[in-house]
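In what follows, a single structure is set out as structure tokens and then discussed.
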Amino acid sequence: MLEELLAAGVAAGSAGLVYLAAAARIVRQYERGVVLRLGRLLGEPRRPGFTMIIPAVDKLHKVNMQIVTMPVPAQEGITRDNVTVRVDAVVYFKVIDAANAIIRVEDYRFAVSQMAQTSLRSIIGKSDLDDLLSNREKLNQGLELMIDSPAVGWGVQVDRVEIKDVSLPETMKRSMARQAEADRERRARIINADAELQASKKLSQAAGVMAEQPAALQLRLLQTVVAVAAEKNSTLVLPFPVELLRFLERAQQPQASPALDERGEPTTPPTAPPPIPSDNQSSPVSPDDQ
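The sequence shown begins at 636 in this note's numbering and counts up by one.
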């Protein structure tokens, strides 16, 4: 009798251990457990930790609640200004309702991926090339709104969408490079012209000061000589004003020299035109005419 009781106890213990092994489940901290009893949702999702289900009756689905990083395959499309581009992106999303993520949609990851691809192609067709290259923040917000609107009903929340790269044809890249080079050359010419204008104004002011004070020209000449001599050159170029040469030329000329004009050059007296014969005067007759 005792042996039968011991055998029954061992059998019951073994059955309990088997049942416990079949019914015990562990839900991790970043997961939620959705229990379906005979195909129907059973209450709220199970919290992290140890939990029990009825074997062969309940089925536990574990849903990851972490933020998922999903790359969107590159999509090729034509922009609003008729440029063929190839754009890829990345989507950051997470599950906020584990029950809806299991019941409302068959595979929420695949659904979000397909929605992201179609939304990206739609954004390409509605945008210009300049917006894709320089105004990505606004496009990211529009793309996030397009993906998040249907995903809310699936228990999924889209945190962020980023456009990673925009691939352009080689011909378009060369055209943009030529345009940028021409624009830089235009700005360089404008800057040079502005510098020449400012320099000419300053030189005009300096010329006015030197005209009022002739000694300023001599001081400037001496400064130029000092600047050239400081370079240890074997040849010294000495600028000599033309006005000084003219002054020396006038000083060497005698008093009876012809008058000089305002520029210091001698003036020549006008020559009288030859007399015009009048009608009363007879012109000489050559022997041949006789």
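Here a beta-carbon is modelled for each residue, glycine too, at the ideal position from N, C-alpha and C. Predicted, not measured: the structure shown is a model, and the values here were computed from it.
Span of the beta strand (DSSP E), counted from its first residue to its last, around Ser802
Val791 to Ser802
Does the stretch 750–765 come close enough to the stretch 815–831 to have 3 or more Cβ pairs within less than 8 Å? no
Close-in-space but distant-in-sequence residues of the same chain around Ala733 (CB under 6 Å, 5 per side omitted): Arg667, Val669, Pro680 and Val698
Across which residues does DSSP place Gln710 in a beta bridge pair? Val722
Review point. Going by DSSP, what residues sit across from Asp659 in a beta bridge?
Key: A small fix is needed here, since residue 659 is Ala in this sequence, not Asp. Met687.
Going by beta-carbon coordinates alone, are Phe745 and Asp794 separated by less than 8 Å?
no
### Nearest-angstrom Cα separation, counted from Ala656 out to Val645
16 Å
**OP:** Identify the continuous beta strand (DSSP E) that holds Leu673 and give its terminal residues.
**Re:** No beta strand (DSSP E) holds Leu673; DSSP gives it neither H nor E.
>> Can you give me the C-alpha to C-alpha distance between Ser810 and Lys836, rounded to a whole angstrom?
In response: 39 Å
Please determine, among Asn827, Gln701, Glu638 and Ala842, the residue with the shortest C-alpha to C-alpha distance to Arg663.
Gln701
Original post:
Hey, quick one: how far does the beta strand (DSSP E) through Val698 stretch, first residue to last?
Top reply: Asp693 to Asn699
Ala650 to Gln792, Cα distance in whole Å?
44 Å
Helix, strand or coil for Lys729? Go by DSSP, reduced to three states. strand
(message) Less than 8 Å between the C-beta atoms of Ser762 and Thr714, yes or no?
(response) yes
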